[in-house]
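Residue numbers (numbering that gives the first Met the number 0), protein chains in the order written: chain W, 0 to 138; chain E, 0 to 138; chain S, 0 to 138; chain U, 0 to 138.
4 protein chains.
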Amino acid sequence: MPASKEEVAAFLAAEFPQSKCVVESVGDRRAAVSHSIGVHELRPGGTVAGPVLMAVADVALYVAILGEIGIVPLVVTTSLNINFLRKPTAQARIIGECTLMKVGRSLIVGEVSLYSEGSSEPVAHVVGTYSIPPNRSGV
Amino acid sequence: MPASKEEVAAFLAAEFPQSKCVVESVGDRRAAVSHSIGVHELRPGGTVAGPVLMAVADVALYVAILGEIGIVPLVVTTSLNINFLRKPTAQARIIGECTLMKVGRSLIVGEVSLYSEGSSEPVAHVVGTYSIPPNRSGV
Amino acid sequence: MPASKEEVAAFLAAEFPQSKCVVESVGDRRAAVSHSIGVHELRPGGTVAGPVLMAVADVALYVAILGEIGIVPLVVTTSLNINFLRKPTAQARIIGECTLMKVGRSLIVGEVSLYSEGSSEPVAHVVGTYSIPPNRSGV
Amino acid sequence: MPASKEEVAAFLAAEFPQSKCVVESVGDRRAAVSHSIGVHELRPGGTVAGPVLMAVADVALYVAILGEIGIVPLVVTTSLNINFLRKPTAQARIIGECTLMKVGRSLIVGEVSLYSEGSSEPVAHVVGTYSIPPNRSGV
Chain W
0 MPASKEEVAA FLAAEFPQSK CVVESVGDRR AAVSHSIGVH ELRPGGTVAG PVLMAVADVA
60 LYVAILGEIG IVPLVVTTSL NINFLRKPTA QARIIGECTL MKVGRSLIVG EVSLYSEGSS
120 EPVAHVVGTY SIPPNRSGV
Chain E
0 MPASKEEVAA FLAAEFPQSK CVVESVGDRR AAVSHSIGVH ELRPGGTVAG PVLMAVADVA
60 LYVAILGEIG IVPLVVTTSL NINFLRKPTA QARIIGECTL MKVGRSLIVG EVSLYSEGSS
120 EPVAHVVGTY SIPPNRSGV
Chain S
0 MPASKEEVAA FLAAEFPQSK CVVESVGDRR AAVSHSIGVH ELRPGGTVAG PVLMAVADVA
60 LYVAILGEIG IVPLVVTTSL NINFLRKPTA QARIIGECTL MKVGRSLIVG EVSLYSEGSS
120 EPVAHVVGTY SIPPNRSGV
Chain U
0 MPASKEEVAA FLAAEFPQSK CVVESVGDRR AAVSHSIGVH ELRPGGTVAG PVLMAVADVA
60 LYVAILGEIG IVPLVVTTSL NINFLRKPTA QARIIGECTL MKVGRSLIVG EVSLYSEGSS
120 EPVAHVVGTY SIPPNRSGV
């Protein structure tokens, strides 16, 4: 039973209270999230810190998964591989666009392209793997 | 010209002002860093958030690199691959122990084992790749 | 100066004489290659061996890179990350479709989706990074 | 029920009949394998082909896993991440030394350092993840 954008957003707010990610869209094995950029996300020189990009990708994957299999609380990240491609700008939000490549019974694999909003060239690319508990029963 | 623990710590404080990582040791292509765990690092249920682990690993790699090649400001992460192995405890600091596997002219590759302090089993393992600017001249 | 499909195929035949990969298309930061499946590529049970998939992805990336920057002999793989998604069939060729995500001066990053020919769901997904020698002069 | 070196070698000979890997040691969550280098493993210029290194690492991980959990036929590779560190020599065997980092109920994660025999600096480093079927009953 897939979860709606509102259900996923409510779950994220409870589960990741520190996250500033906003759910932009979810459904059809895809999701998009955005993250505003302020002083806490920047490094000297005006680039977005790498861990911020990783966190946005992690949330984008999580959102796409919940949108697909429902609100399953025990989904956990098992691996995440990020390649940094270009320097993000400090003046734009980070957008993460996720596509799930495999939705198995115990493992889900997806990829995320991260952009500085308004640019068509990705600043980073992520592949993440998530494990699902054996008896997933969507809440 | 390698950099001392104090030089690396001073550079980190300027370059990563938001980071709470503490440099524990550096030298001989190795480094150890620690990160205290508080409410900002935890997810409901009491586990350390994945992006915190990624950030600690990134700093551990950065510290080991600066310790080896000196304070080169333009070193950038090009890729980072993390595998989550065990659930970290909320009651202990995270320790990151880095070993550089290759120190080339343009690329450096290292690995980091992350632990909950006091445990001998890693909570996560990271391999990271960093690129060095062509004319690196340690400051 | 990009290289044509014929130039890339000739270079591959000389550089990777053991490879059975066929160049299907190349250009516009993309490439497609195919690999026939016979007894040498199969494991008991009738699935394609993992290293065969890795090799096809490596060639697909190499072809896309040569198609973009020309016949540069010293391009080397620096990292390759593969996720196995579904069991390939023994009855179909493996197709690798590559898209380059970044073409930098010293590093190129691309992704490859691998399919059993005729299926629309990928059997594996690869992200690879390649380094280019400092003074690349296409032959 | 762990498997002995002889049991693992016999299983590999049946399961990976094309592989030239030799099991050197296994036990205690570790394994070492070797692979001779001949014309089929070399690329022009005298370096060992990347896919050969990936295949050796895959076997080293497989051997370490079977040595730990017994001869479980349905263990499959779910991801493999390789970093190429140095050019291997054509004159020495490739040695793969594996250590398992996590042996869970459904996922096993290990790392492999690959060497040209006689050298102490690794030519490549691999992290691999394997999934175990739900009802693993060692044969």
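Each residue gets a CB set at the ideal place from its N, CA and C atoms; glycine is no exception.
ASP27(W) and VAL71(S) have their C-alpha atoms roughly 41 Å apart. Distances from the alpha-carbon of ILE64(W) to those of VAL7(W), GLU23(W), ALA123(W), PRO87(W) put VAL7(W) closest.
Contiguous beta strand (DSSP E) elements confined to the stretch 72 to 110 of chain E occur at 75 to 83, 93 to 102, taking only those with 3 or more residues.
The three-state reading of DSSP puts VAL122(W) in coil, since its state is none of H, G, I, E or B. The Cβ neighbour count for MET53(S), taken over all protein chains shown within 10 Å, is at least 16; the residue is labelled buried. Flagged as an interface residue toward chain U: SER105(W), by a C-beta distance shorter than 7 Å. By the criterion of a C-beta distance shorter than 6 Å, GLY117(S) is surrounded in its chain by ALA91, once the five residues flanking it on both sides are discounted. When Cβ-Cβ separations below 7 Å define contact, VAL21(S) makes no contact with chain W. Per DSSP, GLU6(U) lies in no beta strand (DSSP E); the unbroken alpha helix (DSSP H) holding it starts and ends at 4 to 14. Along the stretch 65 to 86 of chain S, going in chain order, the ones with a CB nearer than 9 Å to a CB of chain E are THR77, SER78, ASN80. MET100(U) reaches chain E at ASN82, LEU84, SER112, GLU120, PRO121, HIS124, counting residues in chain order whose Cβ is nearer than 9 Å.
Looking from the CA of ILE94(E), the closest CA among ILE81(E), GLY37(E), VAL32(E) belongs to VAL32(E). For VAL51(E), the enclosing alpha helix (DSSP H) begins and ends at 49 to 68.
Counting the other Cβ atoms within 10 Å of the Cβ of GLY49(E) gives 16 or more, which makes it buried.
Looking at the DSSP output, VAL32(E) sits in a beta bridge with VAL22(E), GLY95(E). Sequence-distant Cβ neighbours of VAL55(S) in its own chain, meaning closer than 7 Å and more than five residues away, are CYS20, VAL32, HIS34, ILE93, GLY95, LEU113. Within chain E, ASN82, LEU84 have C-beta atoms less than 7 Å from the C-beta of VAL108(U), given in sequence order.
In this structure, LEU41(S) sits away from ALA2(S), with a CB-CB distance that is not shorter than 7 Å. For ARG92(S), there are no neighbours in chain U by C-beta distance under 9 Å, as the nearest C-beta there is about 18 Å away. Against THR128(E), the close residues of chain S are THR77, SER78, THR128, in the order they occur along the chain (beta-carbon pairs closer than 8 Å). Taking the CA atoms as reference points, LYS101(S) sits about 26 Å from ALA12(S). Interface criterion met: the Cβ of ALA54(W) is under 7 Å from a Cβ in chain E. Non-local C-beta neighbours of SER105(U) in its own chain, meaning closer than 8 Å and more than five positions away in sequence, comprise SER130, ILE131, PRO133, ordered along the chain. Bridge pairing for GLY127(S): LEU79(S), GLY109(S) [DSSP]. With at least 16 other beta carbons inside 10 angstroms of its own, SER115(E) counts as buried. Taking the Cα of GLU120(E) as reference, the smallest distance to any Cα among VAL111(E), LEU84(E), GLU5(E), GLY45(E) is reached at LEU84(E). With fewer than 16 other CB atoms across the displayed protein chains lying within 10 angstroms of its CB, LEU73(S) is exposed. The beta carbon of PRO50(U) falls within 7 Å of a beta carbon belonging to chain S, placing the residue at that interface. In this structure, the alpha-carbon of GLN17(E) lies about 32 Å from that of GLY109(S). Counting of Cβ neighbours within 10 angstroms places GLU67(U) among the buried residues, the total reaching 16 or more.
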